[in-house]
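Visitor:
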Amino acid sequence: MSDYAKYVEERKRIDSFLAQGFTIQRVTENLDGAYVEFTKREDAGGAYEKHILHIITPDARKYFSVKMMENQAKTSTVQN
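Here numbering that gives the first Met the number 0 is used: the first residue of the sequence shown is 0, the next is one more, and so on.
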């Protein structure tokens, strides 16, 4: 698979989690790529769903970083 095709696949998976209401909870980066932890609160009782996505391509790593910054900007705007 080409690098671009792999990036598109990773971007679709990121967008899919975000569209389902998941948020990026934690990112662990190393030489193998980035492990992005997505969480979604299931109910008010504290239960949540968690998925970890391994991101390999540099472009997808940039993409989820931008999505994190966009979410931070929305959150800080709402709080102010």
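A virtual CB, placed ideally from N, CA and C, is assigned to each residue, including glycine. Since this is a predicted model, take the numbers as computed values, not measurements.
1) Run the proximity test for residue 70: is its beta-carbon closer than 8 angstroms to any non-hydrogen atom belonging to the ligand ATP?
2) Under 8 angstroms Cβ to Cβ from residue 41, same chain only, skipping five residues before and after it: list those, please.
3) Report the rounded CA-to-CA distance for residue 16 versus residue 38, giving the unit in angstroms.
4) Quick check on the DSSP output: what are the complete beta strand (DSSP E) runs of length 3 or more inside the region 17-70, in order along the chain?
5) Classify residue 75 as helix, strand or coil using the three-state DSSP reduction.
6) Are residue 51 and residue 9 close, meaning C-beta to C-beta below 9 angstroms?
Guide: In terms of the structure at hand:
1) In the structure shown, the ligand ATP is absent, as is every other ligand, since no ligand is present at all.
2) Cβ-Cβ distances below 8 angstroms link residue 41 to 47 and 48 in the same chain, with the five nearest sequence neighbours on each side left out; the list follows chain order.
3) In this structure, the straight-line span from the alpha carbon of residue 16 to that of residue 38 is close to 9 angstroms.
4) Counting only runs of 3 or more, we get 22-29, 32-40 and 47-54.
5) It is helical.
6) No; because the gap between Cβ atoms is not below 9 angstroms, this pair is not in contact.
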